[in-house]
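Working notes, structure below.
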Amino acid sequence: MAAYKPVVVQACPKLGERVTQDTLYWRGYKTPVQIKEFGAVNKIDFSPVLPYNYAVTASSRIHIYGRYSQEPIKTFSRFRDAAYCATYRDDGRLLAAGSEDSVIRLFDISGKAPLRQFEGHTKPVHVVGFLSDKYRIFSGGDDYSSNLWDIPSATEIVSYSEHTDYVRCGCASKVNADVFITGSYDHTVKLFDARTKSSVMTIEHGHPVESVLLFPSGGLLVSAGGRYVKVWDVLKGGQLLVSLKNHHKTVTCLCLNSSGQRLLSGSLDRHVKIYSTTSYKVVHSFNYATSILSLALSPEDETIVVGMTNGVLNVKHRKPEEKNEKSQKKRQPVYRTFVKGRTYMPKQEDFCVSKPVKRVLRKYDKLLRGFQSSKALDAVLEPPIMLHTPEVTVAVMQELHRRGTLRSALAGRDEKQVNLLLTFVARRVIEPRFTPVLVTVADMITDIYQPVVGQSAIVDKQFLKLQEAIGKEIDYQEELLEVLGMMDTLFATFTKKRDTCLEENKREQNGLTEIIETNRNY
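Residue numbers (the UniProt record's numbering): 1 to 522.
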């Protein structure tokens with residue numbers, strides 16, 4: 001008896017992933033370290049000075065982590081309720097944070113108790129930051145107000161009540177010590193100058209604003225809200241430069257790398273997108289386990305920290321380049337040893353011993369070997385196979401049709417199985433590589449289940465979808481044939497013109513030769 005031959009699956013060429021310098025750079029991070037916090041991580045902020053520790057705000061605590069530590073090296077827990085937006089000052093010595101109890105607290109990194117407490121908001125404070133002069137703090141809260149505070153005297157300098165909804169994000173200009181920006185759920189971003197009594201500029205984002213970011217030059221502003229990331233030119237009065245819509249859910253956080261050439265955005269769709277700030281195209285992306293609330297990149301781009309809704313802190317460190325070179329040098333002798341003798345050609349007096357290769361059959365091949373046609377078809381109709389490797393499903397259908405058992409395998413199925421079959425056929429019948437087989441399958445399904453049409457609303461709906469898909473494909477083919485006919489006509493006219501031009505050239509050449517010959521005779 002001949003050995004069973006496995007089903008031959010048609011191999012189609014796949015487009016290789018485009019490997020760019022950005023791909024190589026952003027893949028150069030180690031396997032992430034997971035740290036569990038007490039609640040959702042609403043803010044991550046790196047210290048701007050060495051050793052680049054970072055503050056993590058979650059629940060009612062602020063944890064300070066070293067760059068490579070998995071345990072907090074310091075904890076600030078003097079909060080009655082949830083803490084928000086712990087932010088470092090530019091010199092890395094002070095830390096300011098808002099809270100659910102509407103009080104802003106200022107901490108010294110070397111101490112534990114708050115140095116100052118700023119009371120003036122009437123509702124939770126979600127936004128806190130330092131102005132670039134280091135002696136003033138701006139804040140924004142759920143009472144719709146944006147306030148400015150003096151650190152030495154712990155008093156309120158000015159309060160702006162221009163927003164009409166919660167103020168949930170803000171940033172300060174590094175160029176001008178009097179300018180800061182706040183974003184609100186009223187869909188606006190407002191630019192304030194401490195020297196004036198009202199906002200200097202209002203930008204309409206169009207969605208509740210979750211995060212704002214100023215470029216180091218102070219000329220460009222980035223706002224995030226809804227699924228959109230928008231870039232504005234502040235120097236041109238808030239002119240919109242570009243609107244990016246690469247996320248599927250709300251964008252919650254923004255971040256720039258140290259050079260300002262890459263913009264990072266985190267979203268509830270579990271992705272971090274990295275954009276080039278010259279073309280504003282996505283150059284790389286990271287995928288995470290759950291929705292992202294906060295994101296930070298260390299000043300030297302060596303560490304990426306992401307905070308998620310489930311309280312997990314994901315920390316990625318960059319791989320040192322020196323170790324990679326050493327590891328490559330160590331692997332070279334092993335590789336040479338492994339390939340040694342591969343190119344050896346046997347001589348005439350050599351006796352070659354072949355090692356038998358054990359062939360492992362797939363589940364559908366085992367069932368086909370046992371002539372269980374219906375079960376073999378069921379095995380390739382599982383969702384993972386149909387979605388990711390449809391060529392396997394089609395190959396088994398083709399093999400069953402070759403054996404003459406496809407009709408019996410398709411018959412006798414319940415409503416759920418027929419719905420699954422029709423869904424697959426309607427989705428894949430328009431693909432040229434599957435069309436010859438799936439047209440036959442669709443024809444057989446229609447013949448077999450025609451008597452029961454009208455008894456199931458689900459099956460009827462799938463039949464209508466199949467009809468619509470085939471109708472659209474026929475329309476496309478007719479349009480393509482019309483275009484092909486037009487192109488054939490154009491090509492035909494071009495060839496005729498070319499032939500006539502060649503004939504005219506030949507005639508002119510023949511006339512010239514006749515004139516020359518007559519002149520010679522004279």
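Glycine is no exception: its CB is placed at the ideal position from the N, C-alpha and C atoms.
(message) In the DSSP output, which residue or residues are listed as bridge partners for residue 286?
(response) 272
(request) State the start and end residues of the unbroken alpha helix (DSSP H) segment that holds residue 402. (result) 390 to 403
(request) Give the straight-line distance between the Cα atoms of residue 268 and residue 120, rounded to the nearest whole angstrom. (result) 32 Å
(message) What residue range does the beta strand (DSSP E) around residue 230 cover?
(response) 228 to 233
(request) Give the C-beta separation of residue 524 and residue 430 to the nearest angstrom, bearing in mind that I take them to be a contact with Cβ-Cβ under 8 Å. (result) A query on residue 524 cannot be resolved here, the shown segment of the chain reaching from 1 to 522 and no further.
(message) Tell me which residue opens and which closes the alpha helix (DSSP H) that residue 374 is part of.
(response) 373 to 380
(request) Entirely within the stretch 161 to 194 and at least 3 residues each: give me those beta strand (DSSP E) ranges in chain order. (result) 167 to 172, 179 to 184, 188 to 193
(request) State the DSSP-derived secondary structure class of residue 114, mapped to helix, strand or coil. (result) strand
(request) Go ahead and pull the three-state DSSP assignment for residue 43. (result) strand
(message) Using 8 Å as the threshold, is the C-beta distance between residue 563 and residue 248 below it?
(response) Limits of the chain in this structure are 1 at one end and 522 at the other, which puts residue 563 out of reach.
(message) Determine whether the beta carbon atoms of residue 190 and residue 196 lie at a separation below 8 Å.
(response) no
(request) Return the residue from the list 98, 74, 177, 155 that minimises the CA-CA distance to residue 85. (result) 98
(message) To the nearest angstrom, how far is the alpha carbon of residue 61 from that of residue 83?
(response) 6 Å
(message) Counting C-beta neighbours from all protein chains within 10 Å, is the total for residue 314 16 or more, i.e. buried, or is it exposed?
(response) buried
(message) My output table needs one value for residue 202: the three-state DSSP class, helix, strand or coil.
(response) strand
(message) Just to confirm my understanding: we take residue 363, look at its own chain, exclude 5 residues before and 5 after, and list those with CB closer than 6 Å. What are they?
(response) 379
(message) So, for residue 239: in the same chain, excluding its five sequence neighbours on each side, which residues have a beta-carbon less than 6 Å away from its beta-carbon?
(response) 233
(request) Whole angstroms is fine: what's the gap from residue 327's alpha carbon to residue 320's? (result) Because residue 327 sits at a pLDDT of 48, beneath the cut-off of 50, its placement in the model cannot be relied upon, and the following sentence gives the value as read from the coordinates. Between residue 327 and residue 320, the C-alpha separation is close to 11 Å.
(request) Look up residue 345 in the DSSP assignment and say whether it is helix, strand or coil. (result) coil
(message) If the criterion is Cβ atoms closer than 8 Å, does the pair residue 213 and residue 254 meet it?
(response) yes
(message) When you compare the CB positions of residue 151 and residue 106, do they come within less than 8 Å of one another, or not?
(response) yes
(message) Let's test the definition: count the other Cβ atoms within 10 Å of the Cβ of residue 192 and tell me whether it reaches 16, buried, or not, exposed.
(response) buried
(request) Following the continuous beta strand (DSSP E) through residue 315, name the residue where it begins and the one where it ends. (result) 312 to 317
(message) What does the Cβ neighbour count give for residue 398, buried or exposed, with the cut at 16 atoms within 10 Å?
(response) buried
(message) Quick check on DSSP: helix, strand or coil for residue 76?
(response) strand
(request) Determine the DSSP secondary structure at residue 326, reduced to helix, strand or coil. (result) Legend: pLDDT at residue 326 = 48, less than 50; position of this residue unreliable, value from coordinates given subsequently. Helix.
(request) State the DSSP-derived secondary structure class of residue 280, mapped to helix, strand or coil. (result) coil
(message) Restricting to Cα atoms, I'd like to know which of 41, 47, 33 is closest to residue 299.
(response) 47
(request) Could you please give the first and the last residue of the uninterrupted alpha helix (DSSP H) stretch that includes residue 419? (result) 415 to 428
(request) Give the straight-line distance between the Cα atoms of residue 472 and residue 478, rounded to the nearest whole angstrom. (result) 10 Å
(request) Tell me residue 85's beta-bridge partners as DSSP assigns them. (result) According to DSSP, which records beta bridges pairwise, residue 85 is partnered with nothing at all.
(request) Identify which residue in 243, 244, 280, 178 has its Cα closest to the Cα of residue 261. (result) 280
(request) Can you grab the Cα-Cα spacing for the pair residue 52 / residue 67, in whole Å? (result) 6 Å
(message) According to DSSP, simplified to helix, strand and coil, what is residue 136?
(response) strand
(message) Excluding the 5 residues flanking residue 209 on each side, which residues of the same chain have their C-beta closer than 8 Å to its C-beta?
(response) 168, 169, 183, 184, 185, 187, 188, 189, 223, 224, 225
(request) Note down, in chain order, each residue of its chain lying with its Cβ closer than 6 Å to the Cβ of residue 100, except the 5 sequence neighbours on either side. (result) 81, 82, 124
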